[in-house]
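Asks: First the structure, then my questions, so here it is.
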Amino acid sequence: MFGISFNKVTGDSMFPRLKSGNFVLLTEHFDRQSLKAGDMLKLLHPRYGYMVKTLVGIDHGGWFWFKGESKQSVSINDIGPIAPQQIKSKVIFVC
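If you want our numbering, it's the position in the sequence shown, counting the first as 1, plus 4.
Laid out in structure tokens, this is it:
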């Protein structure tokens with residue numbers, strides 16, 4: 005409702021930045037042009053489903069690249085390039 009959602013974190017792929025059991029407040033209203041490395045975003049991956057990951061960068065073709073914070077997370081290469089429309093929301097608060 006209103007483009008704001010509250011999700012519970014499950015798993016440790018973003019540890020220590022996010023811990024399993026944390027809650028994240030997300031907004032669907034953000035400017036994709038102003039995203040920068042380090043932003044946490046919720047994306048819809050064709051193989052892994054919804055996931056919250058850290059933006060690493062945007063390549064010259066306009067593809068977004070993400071990583072988890074933990075060594076046990078899916079690798080940047082396994083996530084692969086993400087199209088802008090696959091990015092669903094931006095984390096704006098963690099509790």
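Ideal Cβ placement from N, Cα and C applies to all residues, glycine included.
No experiment lies behind these values; they were computed from the predicted model shown.
Going by the beta-carbon positions, is the gap between S9 and S93 smaller than 8 Å?
Replies: For this step, residue 9 is matched to residue 5 along the sequence shown. For this step, residue 93 is matched to residue 89 along the sequence shown. Yes, Cβ-Cβ distance for S9 and S93 is below 8 Å.
Asks: Using DSSP bridges, identify the partner residues of T31.
Replies: For the purposes of this step, residue 31 is taken as residue 27 along the sequence shown, with counting starting at 1. Bridge partners of T31: I8 and K94.
Asks: Looking only at C-alpha atoms, which of C99, F97 and Q89 sits nearest to P50?
Replies: Numbered from its first residue, the sequence shown carries residue 50 at position 46. Checking every option, the nearest Cα to that of P50 belongs to Q89.
Asks: Following the continuous alpha helix (DSSP H) through I86, name the residue where it begins and the one where it ends.
Replies: Looking up residue 86 in the sequence shown gives position 82. Premise fails: I86 is in no alpha helix (DSSP H) and is neither H nor E.
Asks: Cα separation between A41 and D82?
Replies: Against the sequence shown, residue 41 aligns to sequence position 37. Against the sequence shown, residue 82 aligns to sequence position 78. Those two C-alpha atoms are separated by around 18 Å.
Asks: As a quick exercise: from L22, D16 and T14, pick the residue whose alpha carbon is nearest that of F114.
Replies: This structure gives no information on residue 114, because the portion of the chain shown stretches from 5 to 99.
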